[in-house]
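Visitor:
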Amino acid sequence: MRYIEQQTVVKRMNGRLIANAIFKYIFLAATLLALLALVILLFRIVTQGAGNLSIDFLTNFASRFPDQAGIKAALVGSLWLMMVVAPTSIILGVGSAIYLEEYAKQNRITNFIRMNISNLAGVPSVVFGLLGLTIFVRAMALGNSILAAGFTMSLLILPVIIVASQEAIRAVPGELRDASYGMGATKWQTILKIILPAAIPGILTGSILALSRAIGETAPLIVIGVPVIIQFLPSGVMDTFTALPMQIYDWASRPQQEFQAVAAAGIIVLMAVLLFMNSIAVIIRNKFDKRY
Amino acid sequence: MRPSVQEMIAKSNGKKKKKVLEKIIPIILFLIASVSVLTSIGIVLTLIFETITFFTRVPIFDFIFGTTWLPFSNNEAQFGIWPLIIGTLKVTLIAIIVAVPIGISAAIYLSEYASENVRRVVKPVLEVLAGVPTIVYGFFALTFVTPVLQAIYPEIKIFNAISPGIVVGIMIIPMIASLSEDAMSSVPKSIREGALAMGSTKFEVAWKITIPAALSGIVASIVLAVSRAIGETMIVSLAAGSTPRFDGDFTDSIQTMTAYIVQVSKGDAGYGTTIYYSIYAVGFTLFLFTMAMNILAGYVSKRFREEY
Numbered sequence: 000m001r002y003i004e005q006q007t008v009v010k011r012m013n014g015r016l017i018a019n020a021i022f023k024y025i026f027l028a029a030t031l032l033a034l035l036a037l038v039i040l041l042f043r044i045v046t047q048g049a050g051n052l053s054i055d056f057l058t059n060f061a062s063r064f065p066d067q068a069g070i071k072a073a074l075v076g077s078l079w080l081m082m083v084v085a086p087t088s089i090i091l092g093v094g095s096a097i098y099l100e101e102y103a104k105q106n107r108i109t110n111f112i113r114m115n116i117s118n119l120a121g122v123p124s125v126v127f128g129l130l131g132l133t134i135f136v137r138a139m140a141l142g143n144s145i146l147a148a149g150f151t152m153s154l155l156i157l158p159v160i161i162v163a164s165q166e167a168i169r170a171v172p173g174e175l176r177d178a179s180y181g182m183g184a185t186k187w188q189t190i191l192k193i194i195l196p197a198a199i200p201g202i203l204t205g206s207i208l209a210l211s212r213a214i215g216e217t218a219p220l221i222v223i224g225v226p227v228i229i230q231f232l233p234s235g236v237m238d239t240f241t242a243l244p245m246q247i248y249d250w251a252s253r254p255q256q257e258f259q260a261v262a263a264a265g266i267i268v269l270m271a272v273l274l275f276m277n278s279i280a281v282i283i284r285n286k287f288d289k290r291y
Numbered sequence: 000m001r002p003s004v005q006e007m008i009a010k011s012n013g014k015k016k017k018k019v020l021e022k023i024i025p026i027i028l029f030l031i032a033s034v035s036v037l038t039s040i041g042i043v044l045t046l047i048f049e050t051i052t053f054f055t056r057v058p059i060f061d062f063i064f065g066t067t068w069l070p071f072s073n074n075e076a077q078f079g080i081w082p083l084i085i086g087t088l089k090v091t092l093i094a095i096i097v098a099v100p101i102g103i104s105a106a107i108y109l110s111e112y113a114s115e116n117v118r119r120v121v122k123p124v125l126e127v128l129a130g131v132p133t134i135v136y137g138f139f140a141l142t143f144v145t146p147v148l149q150a151i152y153p154e155i156k157i158f159n160a161i162s163p164g165i166v167v168g169i170m171i172i173p174m175i176a177s178l179s180e181d182a183m184s185s186v187p188k189s190i191r192e193g194a195l196a197m198g199s200t201k202f203e204v205a206w207k208i209t210i211p212a213a214l215s216g217i218v219a220s221i222v223l224a225v226s227r228a229i230g231e232t233m234i235v236s237l238a239a240g241s242t243p244r245f246d247g248d249f250t251d252s253i254q255t256m257t258a259y260i261v262q263v264s265k266g267d268a269g270y271g272t273t274i275y276y277s278i279y280a281v282g283f284t285l286f287l288f289t290m291a292m293n294i295l296a297g298y299v300s301k302r303f304r305e306e307y
């Protein structure tokens, strides 16, 4: 019988330990590189755009002159867009999630709906733009209105809201449900008064994150034909409008150097809106994160 | 006197409204749930019908096999899709070269080496990276990455495939990292600890145990990231240019399928013109590419999953 030779072990072990140490730092470096990209991106945009940020920038309409250009129409337009997208997508998303989690039987139709939702999540946003252009802008003759853009965006973020709501509903403990039935409540009463209140923090968090995706999305708006230079504020959902990412895209694609700084200032505003929404989502998640 | 329980039940059962509600609600919810199905059907039908109209004007053969994309020429318009596909593939290739090594390394670091505290910091930051709007990435590509590349290698034009490729790569890193990390974390601890107890180093555990066991999830994450890169629109619209070309040049202006749709939508291609219908044909091609990738990802993660 051969014994393990101490020397071979020591010799081999050294190499293996060195490889382990080297790769540990390679993996760490790769992780840091990804984080570094984010830092550079944010730093560049702040240094480029901070000089253009002012009250005037927030209260001026778009202009041919970089120093007078403002983001008012886009900011207000994005808020209008959210007023359509938020109710539409949340009602559709939560309704679908309740159906799938509480009512759907295990059959082919349910499986098909599930598979369909995950496939829909993988469709590029520009293709949703084509759908919106055909159905909402042309067939339903909504034109390039807030309503048409809002419906298109709602369908785009629908899969995200459905999946988040499903997870939130699934996380409600079964005892609550059993207790409710035990007290004689009907199924719908249980859903409305027990399950939804318990699931609402999760649903809201997921919905806000989905809405922040809709705020930053540009491609579908371009395809729908949302204009850029707008000198008035919309007064209803059938009005035409412009949105933050559209305005940024227009500035960024202009050749003049000055407009690059204006675009960066617009990005700061957009990122501030996103940061605000994400903080609300985090606060909701932390405040209502009940453990049953 | 308060009513007895029997009386309350009797009263409650007498309410017709409640019974009707219990019957109607599931139907309403089913209709709501079918909106997502209708959306898919709408997308497919829209693309198919408008593409068919396009093929009544441009022979399908020219579209699928043509290598010249010249839609705006007045008398010699040509609609061969390949230059747009090549442009898309160039950007996707660069993105994958950037994102796969970094994304998977980050996933290995997070699942095998990082302490709980490090994970708690790094994962949300990666989520932020995933939440940055693509228009911001596009601006970053155009105003930072391209000038940096030009400083290193002056031959690179303002619009090229490399800069948007790198930035699309940065954009999909979080996707690869987080999906791969999920796959690696779901490898049972007992296997990992078994290997460690046999004297393996952490690197050997990662390389010989975790990665092979999580391979289906890792490959699926890469395929999904490819699908995202193919469908990415704003980064390429801003930084890749609008010159469809059928060659292997990465340093000059190109055009992707998505960027073409944006270019036409931005201009005023009148409703009903051949150019108007061409965005649906291009969109349909794009849809087929991404759909194939999504189905492949689903197949890989199901078929090759290691069950423990």
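Chains as they are written, first to last, in numbering that gives the first Met the number 0: chain U, 0 to 291; chain Y, 0 to 307. Using N, Cα and C, we set each Cβ at its ideal position, and we do this for glycine too. Keep in mind that this is a model prediction, so the values were computed, not measured.
1) Let me make sure I understand the geometry here. Which of Thr255/Y, Leu30/Y, Gly297/Y, Ser177/Y has the alpha-carbon closest to that of Ala238/Y?
2) Report the neighbours of Pro100/Y on chain U: residues whose CB is nearer than 8 Å to its CB, in chain order.
3) In the DSSP output, what is Gln77/Y paired with across the bridge?
4) Using a Cβ distance threshold of 8 Å, determine whether the region 162–180 of chain Y contacts the region 95–108 of chain Y, with at least three qualifying pairs required.
5) Taking the beta carbon of Ser53/U as the centre, do at least 16 other beta carbons fall within 10 Å, making it buried, or is it exposed?
6) Per DSSP, which one or two residues make a beta bridge with Ser144/U?
7) Under three-state DSSP, which class holds Gln230/U?
8) Work out the CA separation of Pro187/Y and Phe139/Y for me, nearest whole Å.
9) Can Gly69/U and Asn59/U be called in contact, C-beta distance under 7 Å?
10) Between which residues of its own chain and Arg118/Y is the CB-CB distance below 7 Å, once the five residues before and five after are set aside?
11) Could you tell me which chain U residues have their CB closer than 8 Å to the CB of Ala32/Y, listed as they occur along the chain?
12) Alpha carbons only, please: which of Ala147/U, Ala103/U, Asp238/U is nearest the one belonging to Val84/U?
13) What do you get for Arg302/Y, buried or exposed, if any count of 16 or more other CB atoms within 10 angstroms of its CB means buried?
14) I'd like the ranges of any alpha helix (DSSP H) spanning at least 4 consecutive residues and lying wholly in the region 229–264 of chain Y.
15) What residues from chain U crowd round Tyr279/Y, counting only those whose CB sits closer than 7 Å?
16) Does the Cβ of Met139/U have 16 or more other Cβ atoms within 10 Å, making it buried, or fewer, making it exposed?
17) Hey, would you say Ile42/Y sits closer than 7 Å to Leu130/U, going by beta carbons?
18) Have a look at Leu37/U and Gly240/Y and give me their C-alpha separation to the nearest angstrom.
19) Terminal residues of the continuous alpha helix (DSSP H) containing Met114/U?
20) Is Leu157/U close to chain Y? Criterion is C-beta to C-beta, closer than 7 Å.
21) Is it true that the CB of Phe202/Y sits closer than 7 Å to the CB of Asn13/U?
22) Taking a contact to mean a Cβ-Cβ separation below 7 Å, would you say Ile39/U touches Ala263/U in this structure?
23) Using a Cβ-Cβ cut-off of less than 7 Å, give me the residues of the region 58–70 of chain Y that come near chain U, in sequence order.
24) Which value, in whole angstroms, describes the spacing of the CA atoms of Lys10/U and Leu16/U?
25) By alpha-carbon positions, which one of Ile247/U, Tyr102/U, Arg284/U, Ile202/U ends up nearest to Ile214/U?
26) Taking contact to mean 3 or more Cβ pairs, one atom from each stretch, closer than 8 Å, check whether the region 263–283 of chain U and the region 99–113 of chain U are in contact.
27) Could you say if the region 270–280 of chain Y and the region 44–59 of chain Y meet the contact criterion of at least three C-beta pairs nearer than 8 Å?
28) Going along chain Y, which residues have a C-beta under 8 Å from Gly201/U?
29) Would Gly79/Y pass as a contact of Thr91/Y if the rule is Cβ separation under 7 Å?
30) Report the neighbours of Gln259/U on chain Y: residues whose CB is nearer than 9 Å to its CB, in chain order.
31) State whether the region 209–225 of chain U contacts the region 147–164 of chain U, with contact taken as three or more CB pairs (one from each stretch) at a distance under 8 Å.
32) With 7 Å as the threshold, decide whether the Cβ of Leu91/U is near any Cβ in chain Y.
33) Output, in chain order, the set of chain Y residues within a Cβ distance shorter than 8 Å of Lys286/U.
34) Is any beta-carbon of chain Y found at less than 7 Å from that of Asn19/U?
35) Using a Cβ-Cβ cutoff of less than 6 Å, which residues in the same chain neighbour Pro65/U once the five nearest sequence positions on both sides are dropped?
36) Below 7 Å CB to CB, which residues in the same chain sit around Leu83/Y once its five sequence neighbours on both sides are set aside?
Guide: The answer reads as follows:
1) In the second sequence, counting from the first residue as 1, residue 238/Y sits at position 239. Selected option, being the one with the closest Cα: Thr255/Y.
2) Reading the second sequence from its first residue, position 101 is the one you call residue 100/Y. Under the 8 Å cutoff, chain U gives Ala29.
3) The residue you call residue 77/Y lines up with position 78 of the second sequence. DSSP, once it has assigned bridges, lists Leu69/Y as partnering Gln77/Y.
4) yes
5) For the purposes of this step, residue 53/U is taken as the residue at position 54 of the first sequence. Flag for Ser53/U reads exposed.
6) On the first sequence, residue 144/U is found 145 positions in, with the first residue counted as 1. DSSP output for Ser144/U lists Thr239/U as bridge partner(s).
7) On the first sequence, position 231 is the one that residue 230/U refers to. Three-state DSSP puts Gln230/U in coil, outside helix and strand.
8) One-based indexing of the second sequence puts residue 139/Y at position 140. One-based indexing of the second sequence puts residue 187/Y at position 188. Going from the Cα of Phe139/Y to the Cα of Pro187/Y covers about 40 Å.
9) As a first step, residue 69/U is located in the first sequence; it is residue number 70 there, counting from the start. As a first step, residue 59/U is located in the first sequence; it is residue number 60 there, counting from the start. Their beta carbons are under 7 Å apart, which means Gly69/U touches Asn59/U by this criterion.
10) Residue mapping note: residue 118/Y aligns to position 119 of the second sequence, counting from 1. Only Leu109 meet the Cβ criterion.
11) Within the second sequence, the letter at position 33 stands for residue 32/Y. Per Cβ cutoff of 8 Å: Gly94, Ser95, Tyr98, Leu99, Ala103, Ile112.
12) Translated into positions along the first sequence, residue 84/U becomes position 85. Out of Ala147/U, Ala103/U, Asp238/U, Ala147/U has the C-alpha closest to the C-alpha of Val84/U.
13) For the purposes of this step, residue 302/Y is identified with residue 303 of the second sequence, where counting begins at 1. It is exposed - the Cβ of Arg302/Y has fewer than 16 other Cβ atoms within 10 Å.
14) 233–238
15) Position 280 of the second sequence, counted from the first residue, corresponds to residue 279/Y. Going along chain U in sequence order, the residues near Tyr279/Y (Cβ under 7 Å) are Leu129.
16) In the first sequence, residue 139/U corresponds to position 140, counting from 1. Under this definition Met139/U is an exposed residue.
17) Looking up residue 42/Y in the second sequence gives position 43. Looking up residue 130/U in the first sequence gives position 131. Going by C-beta atoms, Ile42/Y is nearer than 7 Å to Leu130/U.
18) Taking the first sequence and counting its residues from 1, one reaches residue 37/U at position 38. Taking the second sequence and counting its residues from 1, one reaches residue 240/Y at position 241. For Leu37/U and Gly240/Y, the distance between alpha carbons rounds to 24 Å.
19) Counting from one through the first sequence, the residue named residue 114/U turns up at place 115. Run containing Met114/U: 107–119, per the alpha helix (DSSP H) assignment.
20) Your numbering for residue 157/U matches position 158 in the first sequence. Output row for Leu157/U: interface = yes.
21) Start at 1 with the first residue of the first sequence, and residue 13/U comes out as number 14. Start at 1 with the first residue of the second sequence, and residue 202/Y comes out as number 203. No, Cβ-Cβ distance for Asn13/U and Phe202/Y is not below 7 Å.
22) Mapped onto the first sequence, residue 39/U falls at position 40. Mapped onto the first sequence, residue 263/U falls at position 264. Contact: no.
23) none
24) On the first sequence, residue 10/U is found 11 positions in, with the first residue counted as 1. On the first sequence, residue 16/U is found 17 positions in, with the first residue counted as 1. Straight-line Cα distance between these residues: approximately 10 Å.
25) Along the first sequence, read from residue 1 onward, the residue named residue 214/U stands at position 215. Checking every option, the nearest Cα to that of Ile214/U belongs to Ile247/U.
26) no
27) yes
28) For this step, residue 201/U is matched to residue 202 along the first sequence. Within 8 Å Cβ-Cβ: nothing; Gly201/U doesn't reach chain Y, min ~16 Å.
29) Locating residue 79/Y in the second sequence gives position 80, counting from the first residue. Locating residue 91/Y in the second sequence gives position 92, counting from the first residue. Contact flag unset, no.
30) As a working note, residue 259/U is residue 260 in the first sequence. Ordered by position in chain Y, the residues that pass the 9 Å Cβ test against Gln259/U are Phe138, Leu141, Thr142.
31) yes
32) As a first step, residue 91/U is located in the first sequence; it is residue number 92 there, counting from the start. Yes - at least one Cβ of chain Y is within 7 Å of the one on Leu91/U.
33) Taking the first sequence and counting its residues from 1, the one referred to as residue 286/U is at position 287. Those within 8 Å of Lys286/U in chain Y number zero; the least Cβ separation is about 17 Å.
34) Numbered from 1 along the first sequence, position 20 holds the residue referred to as residue 19/U. With 7 Å as the cut-off, Asn19/U counts as an interface residue toward chain Y.
35) One-based indexing of the first sequence puts residue 65/U at position 66. Excluding positions up to five away in sequence, the list reads Glu257, Phe258, Val261.
36) One-based indexing of the second sequence puts residue 83/Y at position 84. Excluding positions up to five away in sequence, the list reads Trp68, Pro243, Gln254, Thr255, Met256, Tyr259, Val281.
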